[in-house]
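Q: Going by our numbering, the sequence shown opens with residue 178, and the numbers climb by one from there.
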Amino acid sequence: MRKIYNFLSSIRLAVAIFFLLAAGSIAGTFVDQEINDVYHSWWFSGLLVLLAVNLAVCLSKRLPSIWRTYSNVDCDFTHNLILNFRHHTSLHFEGTVHEANRQVEASLRKRKYKIWFENYHDKISMFATKGAIGRLGPVISHVSIFLILTGAALSSATGFRSPLPVYKGMPVNVPHGNFSVVLDKFWVDYYENGKIKDYFSTLSIIDNGITVLTRTVQVNEPMHYKGIWFYQSSYGKTEYHSDGEFMQITGRESGNVFNDAALLQIAKDPGVNIVWVGSGLLMAGLFTSFFIFHRRLWVRIEPSENSSVIYIGGLSNKDITGFEREMDNLICDILRHQRTRGG
Numbered sequence: 178m179r180k181i182y183n184f185l186s187s188i189r190l191a192v193a194i195f196f197l198l199a200a201g202s203i204a205g206t207f208v209d210q211e212i213n214d215v216y217h218s219w220w221f222s223g224l225l226v227l228l229a230v231n232l233a234v235c236l237s238k239r240l241p242s243i244w245r246t247y248s249n250v251d252c253d254f255t256h257n258l259i260l261n262f263r264h265h266t267s268l269h270f271e272g273t274v275h276e277a278n279r280q281v282e283a284s285l286r287k288r289k290y291k292i293w294f295e296n297y298h299d300k301i302s303m304f305a306t307k308g309a310i311g312r313l314g315p316v317i318s319h320v321s322i323f324l325i326l327t328g329a330a331l332s333s334a335t336g337f338r339s340p341l342p343v344y345k346g347m348p349v350n351v352p353h354g355n356f357s358v359v360l361d362k363f364w365v366d367y368y369e370n371g372k373i374k375d376y377f378s379t380l381s382i383i384d385n386g387i388t389v390l391t392r393t394v395q396v397n398e399p400m401h402y403k404g405i406w407f408y409q410s411s412y413g414k415t416e417y418h419s420d421g422e423f424m425q426i427t428g429r430e431s432g433n434v435f436n437d438a439a440l441l442q443i444a445k446d447p448g449v450n451i452v453w454v455g456s457g458l459l460m461a462g463l464f465t466s467f468f469i470f471h472r473r474l475w476v477r478i479e480p481s482e483n484s485s486v487i488y489i490g491g492l493s494n495k496d497i498t499g500f501e502r503e504m505d506n507l508i509c510d511i512l513r514h515q516r517t518r519g520g
C-alpha cells in the first residue's frame with residue numbers, strides 16, 4: 178500500500194501524464210483525420226482522472242508538513258540554536274535586556290513581522306515570522322488544477338456544442354433544452370466600402386408555449402437560457418456537416434444577403450464556472466509562490482555585564498539574497514537607534 182501511495186504522489190508520474198496529455202492534444206489537433214475525437218477518448222479521460230488522483234494524493238502528502246511549518250510557533254530555544262543557522266549574527270546592545278527587546282520588537286514590527294515572546298528570568302526569546310501564506314502557494318495551485326480538471330470533466334460528460342439552423346418565424350426545438358427558439362429578424366451592418374461589419378439575429382425563446390425571452394445576438398454577444406448559450410455563427414446559404422449528414426440553410430435573398438435564415442452555434446458548458454474559479458486560484462497560487470516569501474527569525478537576548486547581547490538568526494524558503502539584505506537592514510536599524518539613544 179505504501180508503494181502505491183508513493184507512486185500515485187510521484188512527481189515523475191505527474192510529468193509523465195503531462196507529457197502524454199500534450200502528445201495526445203497535439204495528435205488530436207494536427208492529425209485529426211487519423212485519430213478521431215481524442216479529447217473524448219477513454220484513454221485521454223483516463224489520463225485526466227489519473228492526474229486528478231496524483232494531485233489529490235500529492236496534496237494529502239504535503240499538506241500536513243506545510244501546515245506544521247505554517248502554524249508552528251516555538252520560543253523554547255537558546256542562542257546555540259541561532260548560531261547553527263547559516264544566516265545569523267550577534268551584536269552588543271548598550272542597554273538592558275528589556276530595552277534591547279523593545280528596540281528589536283520595534284524594528285521587526287516596522288517590517289511587518291508577527292512576533293511571539295517568551296521570558297526566561299533575565300533572558301528573552303523571540304520568534305518572528307511573515308509571509309507564511311507563501312507556503313500555501315503550491316497547495317492553492319494543486320487545488321486550482323484539480324478544480325480545472327473537474328470542470329473540464331463535467332463539461333465533457335454533460336456538455337455539448339453543435340450548430341443549429343433557424344428560419345424566420347419557424348420555431349426550432351433546441352437539443353437537450355426542452356424548449357424552442359425562433360428567428361424573429363435578421364439583418365447585416367456594412368462598412369462604407371460595402372464589406373460586412375457585423376450581422377444580427379433577434380431570437381425568441383418559447384418555453385411551454387410561452388415566449389419567455391427575446392434578445393438580439395451578434396458575434397461575441399450570445400444569448401443564454403437554461404444553461405445553453407446561443408452564438409451567432411453564420412447566415413444565408415450556409416453548408417456544413419453535422420453527424421455525417423449534409424445540411425443547408427436557404428432563404429430569400431435581399432441584395433447579397435439571405436435574410437430569412439441564420440446559423441447559430443449552441444453550447445452547454447456546465448463546468449465553465451468551475452474552470453474559471455480554478456483559473457483564478459491558479460493565478461493566485463502562482464503569485465503567492467513566486468512573490469510572497471516565508472521568512473522566520475529567532476532572536477535571543479541575554480544580559481552581559483552592563484550591556485546585552487542580541488543573537489539573531491533566520492530562514493527563508495526563497496529569495497535568500499533578499500532575506501540577507503533584510504537582516505542587514507534590521508541589524509543596522511537596531512544599531513542606529515542604539516547610537517541615537519546613546520547620543
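Positions of the beta carbon are idealized from the N, C-alpha and C atoms, including for glycine.
1) Is Leu341 closer than 7 Å to Ile443 when the C-beta atoms are compared?
2) Could you pull out every residue in the same chain whose Cβ sits closer than 7 Å to the Cβ of His418, ignoring the five residues on either side in sequence?
3) Is it the case that the segment 269-284 contacts the segment 333-348, given that we only count it when at least three CB pairs across the two stretches are under 8 Å?
4) Taking the alpha carbon of Thr388 as the reference point, which residue from Pro352, Val365, Ser411 and Gly346 has its own alpha carbon closest?
5) Determine whether the beta carbon atoms of Ile487 and Ala277 lie at a separation below 7 Å.
6) Kindly indicate which three-state DSSP category Gly354 falls into: helix, strand or coil?
7) Below 7 Å CB to CB, which residues in the same chain sit around Gln210 once its five sequence neighbours on both sides are set aside?
8) Compute the beta-carbon to beta-carbon distance between Phe254 and Trp453, rounded to the nearest angstrom, for a pair I have assumed lies under 8 Å.
9) Can you list, in chain order, the residues of its chain with a C-beta nearer than 7 Å to that of Phe323? Leave out the 5 residues immediately preceding and following it.
10) Do you know offhand how far Arg472's Cα is from Gly499's?
11) Spatial neighbours of Phe423 within its chain, please: CB distance less than 6 Å, with the 5 preceding and 5 following residues excluded, ordered by chain position.
12) Rounded to a whole number of angstroms, what is the C-alpha to C-alpha distance between Ile188 and Met400?
13) To the nearest angstrom, how far is the alpha carbon of Arg392 from that of Asp375?
14) Can you look up Tyr182 in the DSSP assignment and give me helix, strand or coil?
15) Scan the segment 229-291 and note each continuous alpha helix (DSSP H) run of 4 residues or more that stays entirely inside, going in chain order.
16) With burial defined as no fewer than 16 other Cβ atoms inside 10 Å of the residue's Cβ, what is the status of Lys445: buried or exposed?
17) Going by CA-CA distance only, name the one from Arg279, Arg288 and Leu258 that's closest to Lys307.
18) Do you know offhand how far Gly462's Cα is from Ser318's?
19) Can you tell me which of the three DSSP states Ala193 falls into?
20) Here's the rule: buried if 16 or more other CB atoms are within 10 angstroms of the residue's CB, otherwise exposed. What is Gly448?
A: Taking the geometry as given:
1) Yes, the Cβ-Cβ distance between Ile443 and Leu341 is below 7 Å.
2) With a pLDDT of 45 at His418, under the threshold of 50, the modelled position of this residue cannot be trusted; read the value that follows with caution. So no residue of the chain qualifies.
3) Note that the segment 333-348 does not touch the segment 269-284; fewer than 3 beta-carbon pairs, one per stretch, sit closer than 8 Å.
4) Residue Gly346 holds the alpha-carbon nearest to the alpha-carbon of Thr388 among Pro352, Val365, Ser411 and Gly346.
5) Yes, the Cβ-Cβ distance between Ile487 and Ala277 is below 7 Å.
6) The three-state reading of DSSP puts Gly354 in coil, since its state is none of H, G, I, E or B.
7) Below a pLDDT of 50, predicted positions are generally treated as unreliable, and Gln210, at 47, falls in that range; no measurement from the model is reported.
8) Between Phe254 and Trp453 the beta-carbon gap is near 46 Å, outside 8 Å, which marks them as no contact.
9) Only Ala229, Leu232 and Ala233 meet the Cβ criterion.
10) Distance from the CA atom of Arg472 to the CA atom of Gly499, rounded to whole angstroms, is 10 Å.
11) Caution applies to Phe423, whose pLDDT of 39 falls short of 50 and renders its modelled position unreliable; the value that the coordinates give is listed next. Residues of the same chain with a CB within less than 6 Å of the CB of Phe423, apart from the 5 flanking positions on each side, do not exist.
12) Spanning the two alpha carbons is a distance of roughly 43 Å.
13) Each residue's alpha carbon lies about 16 Å from the other.
14) It is helical.
15) Within the segment 229-291, the complete alpha helix (DSSP H) segments at least 4 residues long are 256-260 and 274-287, listed from N- to C-terminus.
16) Result: buried.
17) By alpha-carbon distance to Lys307, the top candidate from Arg279, Arg288 and Leu258 is Arg288.
18) Cα-Cα distance, rounded: 5 Å.
19) In this structure, Ala193 counts as helix in the three-state DSSP scheme.
20) Buried is the call here.
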